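In our numbering, the protein residues as written are 7 to 556.
Cβ coordinates follow ideal geometry from the N, Cα and C atoms, glycine included.
These numbers come from a predicted model, not from an experiment.
Notes follow once the structure below has been shown.
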RNA sequence: GGUCCGUUGGAGAAGUGGCUUAACUCACAUGCCUUUCACGCAUGCAUUCACGAGUUCGAAUCUCGUACGGAUCACCA
């Protein structure tokens with residue numbers, strides 16, 4: 007037995023499986039030509055980030071468009087940062103946005119597929135098989151350097167203006183003999199395992215990125231840690247092993263990973279494995295004091311996907327926005343195909359921009375207003391109720407009290423060519439429809455004040471005239487003719503042109519007459535079409551409200 | 001400090017040497033329509049593509065330099 011093997015057996019005596027065993031256990035996937043296998047691999051450190059949703063949405067779409075597989079994997083190798091329960095909420099939120107995995111981690115104790123386990127902390131033995139192999143072949147070695155030594159080393163490098171890290175002559179433990187390593191381990195010293203890089207910083211590696219095209223970077227020469235003292239692998243090593251054995255073809259991830267690309271390339275090459283195709287996605291940005299920076303969960307509400315859920319932005323509208331920043335030709339396609347499902351659009355990597363888009367809430371709002379405005383009444387009522395049950399008990403109670411009434415309210419100026427678009431999110435509903443409900447009206451009415459240009463006498467005069475002819479059975483046209491008659495009687499112009507021509511001759515115009523009625527009935531200067539509002543409130547309630555003022 | 005990436009209006013962008021007097025979408029402004037608001041319609045909003053130099057009959061598009069912005073350099077992912 008050679009000494010490398012002895013070292014490997016000393017560290018991992020329990021591991022008897024080989025790489026070949028793993029290759030057999032996780033065979034190449036049987037998929038149609040060109041099918042992409044993609045993944046979303048979050049760490050359970052909090053809630054779903056908008057940038058992560060963006061990346062996972064693209065991964066899923068790429069797989070779907072090619073009849074491939076999109077799977078999820080939980081990267082929980084950092085126990086310190088782990089937030090209990092966040093794995094489940096990650097999956098839950100992903101599903102809410104329609105980014106549903108075909109395979110993989112589906113929540114605690116739930117997974118689907120033959121390439122698992124899909125939770126990294128449960129894959130320790132798999133990683134160990136590969137590390138043992140690397141140890142046996144002197145591709146990796148134990149390192150006994152303490153954190154203090156390492157930070158000391160970094161200070162030296164900083165002062166000498168050299169590259170930071172564990173490489174070349176700085177890689178002290180790479181120079182240790184196997185015999186010495188064995189001895190120190192037998193003495194119970196703490197250690198990690200590092201990859202023995204063969205790279206030379208002065209050479210270049212050529213890499214093809216699916217989005218950025220051909221790039222050249224310096225070769226990796228860092229002896230990175232692959233196995234931590236807690237027995238778990240680092241990200242880089244888990245990426246190598248998992249994406250190989252899960253047979254990932256395309257790794258789509260944020261551009262913050264670009265600098266570690268040479269490292270990953272070397273890792274794959276050292277094992278003689280084909281590296282996946284990489285696609286480094288632009289990061290969504292935000293303007294902060296004139297500078298762009300990454301959307302930050304700490305500073306920006308929009309960075310957490312839960313914000314949009316809580317506010318009640320319609321999922322479809324929000325995803326529409328993500329699509330427009332993902333592929334530059336999407337908006338044009340949407341313009342030509344307003345009625346097709348967005349899934350029918352085919353994504354391509356070369357229509358992705360290279361620098362990150364500034365997150366544009368105004369555009370999200372526009373798209374959401376579009377979606378909500380064009381929903382039919384039934385869907386709108388259902389969806390808003392679904393939202394209310396989860397996020398606004400106040401609205402939910404109101405709806406439950408009288409569902410048909412609620413449907414009528416939200417049906418105003420809906421299901422027509424140019425529908426009304428006054429909601430951008432479900433949380434906008436309640437404040438805008440409160441006045442329909444007596445319990446709110448009776449409270450709010452106490453605070454009503456007429457604007458200066460409506461004197462008390464004028465208000466009374468108009469209301470008195472209206473009471474005389476009050477009739478809700480009329481057609482909209484006849485109803486409006488009543489308004490005009492009242493206008494004439496009380497000294498208002500019946501149309502805008504007359505008033506503009508000779509403003510001195512009138513108290514105002516019909517719109518002022520309508521405004522008086524509107525104020526009394528809705529307590530607001532703006533409301534949906536008054537005629538419909540009154541019809542929905544009904545004769546009794548409308549006369550009650552007018553009566554209150556007279 | 002090293003390395004990599006990027007730079008077309010307020011935002012997203014099209015454009016890859018002449019068809020560009022720089023598409024389209026959002027925002028903004030003005031006007032029209034209108035019982036208010038929202039909708040809708042119309043018009044306006046980069047004489048110029050970060051800057052400088054070069055190549056060319058011709059450059060937003062090619063080359064070089066400068067500036068600016070971003071990412072990253074952990075036993076975090």
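Compare the beta carbon distance of residue i and residue j with 8 Å and say whether it is the shorter of the two.
i	j	result
residue 47	residue 79	yes
residue 478	residue 443	no
residue 393	residue 497	no
residue 569	residue 380	Only positions 7 to 556 of the chain appear in this structure, which leaves residue 569 out of reach.
residue 10	residue 169	no
residue 400	residue 436	yes
residue 308	residue 365	yes
residue 244	residue 199	no
residue 76	residue 290	no
residue 256	residue 212	no
residue 539	residue 522	no
residue 173	residue 242	no
residue 149	residue 197	yes
residue 264	residue 286	yes
residue 520	residue 543	no
residue 552	residue 469	yes
residue 25	residue 137	no
residue 471	residue 495	yes
residue 476	residue 359	no
Excluding sequence positions up to five away, which residues of its chain have a Cβ less than 6 Å from the Cβ of residue i?
i	result
residue 499	505, 512 and 515
residue 73	38 and 41
residue 114	94
residue 54	96, 99 and 311
residue 49	81
residue 377	320, 322 and 323
residue 246	273
So what does residue i bridge to, in DSSP terms?
i	result
residue 85	Its beta-bridge partners do not exist; DSSP assigns none.
residue 43	75
residue 292	299
residue 148	199
residue 223	211
residue 5	The requested residue 5 does not occur in the structure, where the chain is confined to residues 7 to 556.
residue 310	55
residue 332	Beta-bridge pairing links residue 332 to no other residue.
residue 259	286
residue 111	117
residue 173	228
residue 534	Paired residue(s): none; residue 534 is not in a bridge.
For residue i and residue j, which I take to be in contact (beta-carbon distance under 8 Å), what is that distance rounded to the nearest angstrom?
i	j	result
residue 456	residue 525	7 Å
residue 135	residue 21	6 Å
residue 225	residue 207	6 Å
residue 82	residue 125	6 Å
residue 142	residue 275	The Cβ separation is near 18 Å, so there is no contact.
residue 465	residue 529	Not really, about 13 Å apart at Cβ, beyond 8 Å.
residue 268	residue 223	5 Å
residue 352	residue 71	5 Å
residue 127	residue 238	7 Å
What does the Cβ neighbour count give for residue i, buried or exposed, with the cut at 16 atoms within 10 Å?
i	result
residue 357	exposed
residue 282	buried
residue 533	buried
residue 235	exposed
residue 270	buried
residue 205	buried
residue 45	buried
residue 354	exposed
residue 518	buried
residue 304	exposed
residue 362	buried
residue 129	buried
residue 328	buried
residue 161	exposed
residue 110	buried
residue 210	exposed
residue 445	exposed
Might you give, ordered along the chain, the residues of its own chain that have their beta carbon closer than 8 Å to the beta carbon of residue i, omitting 5 neighbours on each side?
i	result
residue 102	315 and 321
residue 413	383, 384 and 387
residue 120	32
residue 427	375, 376, 378 and 379
Near residue i, which residues of its chain fall below 7 Å by C-beta distance, leaving aside the five closest residues on each side in sequence?
i	result
residue 558	Lying before the first or after the last residue shown, residue 558 is absent from the chain, which here runs from 7 to 556.
residue 502	515
residue 301	56, 57, 290, 291, 292, 308, 309 and 365
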